[in-house]
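For the sequence shown, position 122 (counting from the first letter as 1) is numbered 122 according to my numbering, and the numbering increases by one without interruption.
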Amino acid sequence: MSALIGEDEILHEAELIWLEDIAGLDYVRQSLDRLPTRRGKPAYHRDGRMVGYALLGPQAKPSRSSGTFRRRVFWLLPHDRDTDPQGLYATGAPAEAVDPRTLSPGRKGRKTERSEGGPLSCAAREPQNGLPL
Numbered sequence: 001m002s003a004l005i006g007e008d009e010i011l012h013e014a015e016l017i018w019l020e021d022i023a024g025l026d027y028v029r030q031s032l033d034r035l036p037t038r039r040g041k042p043a044y045h046r047d048g049r050m051v052g053y054a055l056l057g058p059q060a061k062p063s064r065s066s067g068t069f070r071r072r073v074f075w076l077l078p079h080d081r082d083t084d085p086q087g088l089y090a091t092g093a094p095a096e097a098v099d100p101r102t103l104s105p106g107r108k109g110r111k112t113e114r115s116e117g118g119p120l121s122c123a124a125r126e127p128q129n130g131l132p133l
């Protein structure tokens, strides 16, 4: 969860890779996953979809016990606001959610008025754009 992600745990991030245009997303969920490599697209084993992930620099060291690297993965579940705008998260956001516009390598991100259900993003408000299904 975002509250549990420490700055020291993401210190060696080199880049964030987005698989979708984040302009229309009010929030994304973030987690630290144990992955076998510093780089490359991780396998995804949750419901919903992965929308982005972090790449680590060469200075990142694997865990001594598991040999894995802790990397951030950004994702959404089927009942999140982008696909169900009137659903469970019509207002508010899950604990691990942050506004994707506040994220950068080595920076945790934060909740904003928009991510908490405040004014929707421009893309979501324009009827011709609609929300992704």
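Glycine included, every Cβ here is placed at the ideal spot set by N, Cα and C.
For Q59, the CB contacts under 6 Å within the same chain, skipping 5 residues up- and downstream, are H12 in chain order.
Looking from the CA of P105, the closest CA among R64, L16 and T68 belongs to L16. R107 and E96 have their C-alpha atoms spaced approximately 14 Å apart.
In this structure the region 55 to 72 lies against the region 25 to 36, because at least three pairs of beta carbons, one per stretch, are closer than 8 Å. Residue state for R46 is assigned as coil, using DSSP reduced to three classes. Taken in chain order, the complete beta strand (DSSP E) segments of 3 or more residues contained in the region 65 to 109 are 69 to 76.
When DSSP states are grouped into helix, strand and coil, D33 belongs to the strand group. Counting along the chain, no beta strand (DSSP E) covers E113, and no H or E run does either.
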